[in-house]
Every structure is written in structure tokens, then in C-alpha cells.
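Worksheet: the structure to be examined is printed underneath.
In C-alpha cells form, the structure reads like this:
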């Protein structure tokens, strides 16, 4: 159905509260070669510095390797690691030839200990060959929308054409955090795992020191090589707001992320716009009532800085009309909080009451025709019904045979 669009410009005066702006965040990211801060829920970019510049990203690559592994079946199936796969330099979870592991254990190893051996072992288990798994990584990057990314290894070691951007890593992290297993792992400071030959319990500690330095931090992944410099992808949550920060080649990455989060959480405040909806309703066809009230399924709102509140509008889209019977809670539109031309949040609009059909479905064909001409504005034929001129004869025949 066609929809009617009502755009309500919200002429909001600056509300009382913090005078902080995202300019402070810009200063915090100044030492990074590439950086971005986004709101996880909407994907909105709050600040960026050269966020689309192609850069090396070291072990933050393992975010992709981890989420691809977690999306496989048989995460808890035990198998013996491929001995050639684990012969790799750099950080390790301590795998040895003959070790018995599971894919889930390997993900813990690559996310906490940043194990290059874990990343390679998972890749070979899934696709038999490293290059085949790398092709899977690049295909997934395209699917997510990481248009400026090219992977050449599961671990992040620069074995070929290997680059990404701060923005692409933010997209990847936003996607990965929707996986419950991934979210649990990256927020864990340590984990007790069972693997080896024979398997035994051992502890791995997370390399992400931000988990200890900021009580808001909920992950995600560190990275370092001499060529890439210090790389950090992190997420933080406070009062229902989740932010994702990425810095590439940033000397003081942990301190920068903590400062940026503290400033951003102070600057952003959730603003509700439910009062701006007014009294909404939709015409109803085929009911004794001509209209039905409409309400928001939850209060429309968004996290905004004080400066942004004067640039917000509420866009309301409603069905032009709906057909009876109408149940309570039927979705008939949406309310979108817009910052300039960017959508920040979408709230479904639903019917507030029931609206029964005017006529019973058992009425005769003749009565339907009379009703149609008597109430053309409120009447429709059900789309699944077709008039059968022999219907009554068939009914009588059926009664005689019964």
C-alpha cells in the first residue's frame, strides 16, 4: 500500500546537561593513523579520522577468523590439529602436534591469547587449506560491506596483500557482536580451556588490557606487528548505549580508547520523542469504526549530543488505510528519528485497539452486493473468495448425500 509520510521537524531548544561535544573525541584520536567511533545499534559514525584509509591491521584480523569459525557446525567436535597448520610464528595458544581440540577452543585461543596457531588450525579444519579459508574471509567481508578490505591470512600476519580500514573493522565488529558466543568470549578476562595430548585444563588470559582499565569495556581484539603498529578494536557499554572504537597504528591505544569512551558517554544523552507523535490514527475499511488509534511499540528516541538535538526530525510513515478485521498490535507504520538525512532509530507503529469486521463472513452473495452499494467506503470482497453461481445447488446436493 501507499504510505503517507509525515515529517515533523523538532524545534528543540538546547536541553540542560553537559556542554561536552565530540570535538574532545577528535583530539583523543589524533595520534592514530586511522580511527573511527560508531554507535553499535544504528551504525552511526560519531567521529572518524581517515577511517577509509587502507592500513595494516595485524591480529584484529582474527575477528573475522573467529566469527567465521563460530558460524560453523560442530563447534564442540574433538579433532587433532593439523601439524603443519600450527607451525607459524608470533603469538600462540601453545598448540603442539597431536593436540586434541575443538573449534570452540580454537576461537578462545585466537581471541584471548591471539594465537596465530589457533587461527591457522581453525582455517585448515574448516576449509582444508589456508588459501581456501582466506577466500571465505574475503567473501564474508564483501557480504558485510567491507569494501576497502583484503585479507591474505587468517592470523593477520602480512603474507601478501593484506589491508583494511578503521571503518571496515567497525562494520565487522558490529556484525560479530551480534553473535552471543563471540560477545561472551571477547568480554572475558580469562578462560579455562581443555585441550592437549592428552587434553588437560589450562588458563588463557585476554591480551586486551582495556578490560581491566575501563569498567565499560566489553571487548574486542588487540593487534600488533612492527609494520602495522599498535591496533585496537574495542567496544564499551554504559546505560544501554554501546559504542565501538577502532584505532590503527596508534601508539597509546588503550589510553586513547578509555579517554574517548569517557568523553563520548558524557556527551551523549538518550532523548525520547514520544510526545512529538501526537494523536495518530489510520482509516479502517470494512468495520463499524472508521478509524483506529495508533501508538508506538516503544518510545522513539536516540542518543544525541546537545548540539545535535537542534538538527533532529521525526519522520512518520503510516498506511493510507487498512482492512478490517484489525487486531490490536498490528504494525501499520514506523517512526524514524532522523539526524539531518541519517536515520538513527526506527520504532514500529501499531494499532492501539481492535476493529472487528462490519459483516459476518457467512452473508449471502445477494446481501454482499447490497452491502457493497450501501457502504462502498467500508466494504471489500475477501481476496480469497470467488462467487460460485452453483454454490447453493452444491450445498443442497451435499446435504442429500450425507
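Numbering (this note's numbering), first residue to last: 838 to 1239.
Think of the CB as a built atom: it goes at the ideal place given N, C-alpha and C, for glycine as much as any other residue.
- The DSSP-derived three-state label of residue 1135 is coil.
- Nearest C-alpha to residue 1018 among 984, 1057, 981 and 1053: 1057.
- Contact between residue 1048 and residue 1026 is confirmed by a C-beta separation of about 5 Å, below the 8 Å threshold.
- Relative to residue 1033, the option among 1186, 1123, 919 and 1055 whose CA is nearest is 919.
- Membership of residue 1029 in any alpha helix (DSSP H) is not indicated; the residue belongs instead to the beta strand (DSSP E) covering 1027 to 1033.
- Scanning 1119, 942, 979 and 957 for the CA closest to the CA of residue 1158 turns up 1119.
- Under the three-state reduction of DSSP output, residue 935 falls in the coil class, being neither helix nor strand.
- DSSP, read as helix, strand or coil, puts residue 1156 in strand.
- Within the segment 1041 to 1095, the alpha helix (DSSP H) runs of at least 4 residues that lie entirely inside it are, in chain order, 1047 to 1050.
- As summarised for the segment 1095 to 1122, the continuous beta strand (DSSP E) elements at least 3 residues long and confined to that stretch are 1106 to 1109 and 1117 to 1122, given in chain order.
- Three or more Cβ pairs drawn from the segment 948 to 966 and the segment 922 to 930 lie within less than 8 Å of each other, which places the two stretches in contact.
- Counting along the chain, the unbroken beta strand (DSSP E) around residue 1171 starts and ends at 1168 to 1176.
- Cβ-Cβ separation between residue 1004 and residue 1094: approximately 16 Å, too far for a contact (criterion under 8 Å).
- Counting only the Cα atoms, residue 923 lies some 14 Å from residue 944.
- Per DSSP, reduced to three states, the secondary structure at residue 1019 is helical.
- Distances from the CA of residue 893 to each of 942, 1097, 1077 and 1083 were compared; the closest alpha carbon is that of 1083.
- Counting the other CB atoms within 10 Å of its CB gives residue 899 a total of 16 or more, which places it among the buried residues.
- Here the alpha carbon of residue 992 sits roughly 10 Å from the alpha carbon of residue 960.
- Of all C-beta pairs linking the segment 868 to 880 to the segment 1178 to 1189, three or more are shorter than 8 Å, placing the two stretches in contact.
- Taking each of 901, 1036 and 1091 in turn and checking the Cα distance to residue 935, the smallest one comes out for 1036.
- Per DSSP, the unbroken beta strand (DSSP E) holding residue 886 starts and ends at 882 to 886.
- By the Cβ rule, the segment 908 to 918 does not count as touching the segment 1131 to 1149, because fewer than three pairs are nearer than 8 Å.
- Scanning its chain for C-beta atoms nearer than 7 Å, with the 5 sequence neighbours on each side dropped, one finds around residue 1051 the residues 1073, 1095 and 1098, in chain order.
- Residue 896 sits in a helix when the DSSP states are folded into three classes.
- Per DSSP, residue 1182 is one residue of the beta strand (DSSP E) stretching across 1179 to 1188.
- Between the segment 1159 to 1169 and the segment 1183 to 1193, the count of Cβ pairs shorter than 8 Å is three or higher; the stretches touch.
- Straight through space, the alpha carbons of residue 1106 and residue 1045 are spaced by roughly 28 Å.
- Within the same chain, and ignoring the five residues on either side of residue 1111 in sequence, the residues whose Cβ sits closer than 7 Å to its Cβ are 1133, 1136 and 1137.
- Distance from the CA of residue 1011 to the CA of residue 1196, rounded to the nearest whole angstrom, comes to 50 Å.
- Cβ neighbours of residue 964 within its own chain (closer than 7 Å, five residues either side excluded): 970 and 973.
- The Cβ atoms of residue 1139 and residue 1153 lie no closer than 9 Å to each other.
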